[in-house]
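Novice:
Residue numbers (my numbering): 645 to 863.
1) For the putative contact between residue 818 and residue 775, defined by C-beta atoms under 8 Å, what is the C-beta separation to the nearest angstrom?
2) Leaving out five residues on either side along the sequence, give the residues of the same chain with a beta carbon under 6 Å from the beta carbon of residue 713.
3) Between which residues of its own chain and residue 672 is the CB-CB distance below 7 Å, once the five residues before and five after are set aside?
4) Is it true that the CB of residue 794 sits closer than 8 Å to the CB of residue 814?
5) In terms of alpha-carbon separation, which member of 711, 779, 770, 684 lies closest to residue 664?
6) Report the three-state DSSP secondary structure of residue 841 (helix, strand or coil).
7) Could you give the uninterrupted runs of the alpha helix (DSSP H) lying entirely in the region 692 to 774, keeping only those of 4 residues or more?
8) Starting from the N-terminal side, write out each stretch of the beta strand (DSSP E) that is 3 residues or longer and does not extend beyond the region 662 to 686.
9) When you compare the region 841 to 854 with the region 726 to 739, are there three or more beta-carbon pairs, one atom per stretch, that lie closer than 8 Å?
10) Below 8 Å on the Cβ atoms is my guess for residue 658 versus residue 749; work out the distance and round it to an integer in Å.
11) Just tell me which of 661, 646, 647, 649 has its CA closest to the CA of residue 803.
12) Please state the DSSP three-state secondary structure of residue 797.
13) Are the CB atoms of residue 861 and residue 835 within a distance shorter than 8 Å?
14) Could you tell me the boundaries of the alpha helix (DSSP H) in which residue 807 lies?
15) Can you find the residues in the same chain that come closer than 8 Å, C-beta to C-beta, to residue 751, ignoring five residues on each side of it along the sequence?
16) Which whole-angstrom value describes the C-beta separation of residue 766 and residue 777, a residue pair presumed to lie in contact below a C-beta threshold of 8 Å?
17) Looking only at C-alpha atoms, which of 704, 833, 757, 717 sits nearest to residue 810?
18) Taking the alpha carbon of residue 771 as the reference point, which residue from 761, 681, 698 has its own alpha carbon closest?
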């Protein structure tokens, strides 16, 4: 089971969130239109979704794995704008950021515990697809790690993502690309560029060849 990867990724994210106060919660992030509090609310919802999935076995064979799960997440400007608006309004209902912070921390901890207690081969349903619990947990670690990079955009003293999470992101992106990345990018830059958070240079495009038109690999 990949619970150790999730524990590392969620633990690193929680280490950034835990000391934040209300003032820091209004800092911008790497997610367009979202402040820190909005991103924390979104990640709380992701952990809640995981808890539901891990406690709801699904019939039928898996139709997604830890890599193919992301193929549905193509750029969607209208859907993204609606999602940003919903998270901003919902996060704004917490008059004291500490309430949202503590909700995230306890929900994330519960998700890690549930992941550790769930058989890796259990089939679960999330986002309209069936996948094994092990693959679900990997997708959660990938999302948390990418959002960790978003979270610390304007928090220069905050710790970075867990190496285990970054390794899971690279493996996922290589899987979507269909080959190891032919560029000497750091894990962090690969995560940003492959999800549309950093532009490709002309040199990047020449090296990637036809694959350059496939970026972002997901968003």
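Even for Gly, the Cβ is constructed at its ideal location relative to N, Cα and C.
From a predicted model like this one, the values you see are computed outputs, not experimental measurements.
Specialist: Checking against the coordinates, here is how it stands:
1) Your numbering for residue 818 matches position 174 in the chain shown. Your numbering for residue 775 matches position 131 in the chain shown. Incorrect: roughly 19 Å between the Cβ atoms, too far for contact.
2) Here residue 713 refers to the residue found at position 69 of the chain shown. These residues qualify, in order along the chain: 783.
3) For this step, residue 672 is matched to residue 28 along the chain shown. Closer than 7 Å at Cβ, skipping near neighbours: 679, 797, 798.
4) Residue mapping note: residue 814 aligns to position 170 of the chain shown, counting from 1. Residue mapping note: residue 794 aligns to position 150 of the chain shown, counting from 1. Cβ distance not < 8 Å, so residue 814 and residue 794 don't count as in contact.
5) Reading the chain shown from its first residue, position 20 is the one you call residue 664. Answer by Cα proximity: 684.
6) Taking the first residue of the chain shown as 1, we reach residue 841 at position 197. DSSP, reduced to helix, strand and coil, places residue 841 outside both helices and strands of the structure shown, so it counts as coil.
7) Taken in chain order, the complete alpha helix (DSSP H) segments of 4 or more residues contained in the region 692 to 774 are 721 to 736, 741 to 761.
8) With a minimum length of 3 residues, no continuous beta strand (DSSP E) run stays inside the region 662 to 686.
9) Under the 8 Å Cβ criterion, the region 841 to 854 does not count as touching the region 726 to 739, having fewer than three qualifying pairs.
10) Along the chain shown, read from residue 1 onward, the residue named residue 658 stands at position 14. Along the chain shown, read from residue 1 onward, the residue named residue 749 stands at position 105. About 6 Å separates the beta carbons of residue 658 and residue 749, which is inside the 8 Å limit, making them a contact pair.
11) Working through the chain shown from its first residue, we reach residue 803 at position 159. Ranked by how close their Cα comes to the Cα of residue 803, the residues 661, 646, 647, 649 have 661 in first place.
12) Residue mapping note: residue 797 aligns to position 153 of the chain shown, counting from 1. Note: residue 797 maps to coil in three-state DSSP.
13) In the chain shown, residue 835 corresponds to position 191, counting from 1. In the chain shown, residue 861 corresponds to position 217, counting from 1. No. Outside cutoff.
14) As a working note, residue 807 is residue 163 in the chain shown. Boundaries of the alpha helix (DSSP H) harbouring residue 807: 807 to 821, taken from the DSSP string.
15) Counting from 1 along the chain shown, the entry for residue 751 is found at position 107. Correct list, in chain order: 688, 691, 692, 695.
16) For the purposes of this step, residue 766 is taken as the residue at position 122 of the chain shown. For the purposes of this step, residue 777 is taken as the residue at position 133 of the chain shown. Their Cβ separation, rounded to whole angstroms, is 4 Å, which keeps residue 766 and residue 777 in contact under 8 Å.
17) Here residue 810 refers to the residue found at position 166 of the chain shown. The shortest C-alpha separation from residue 810 is found at 833.
18) Looking up residue 771 in the chain shown gives position 127. Here the closest residue by C-alpha is 698.
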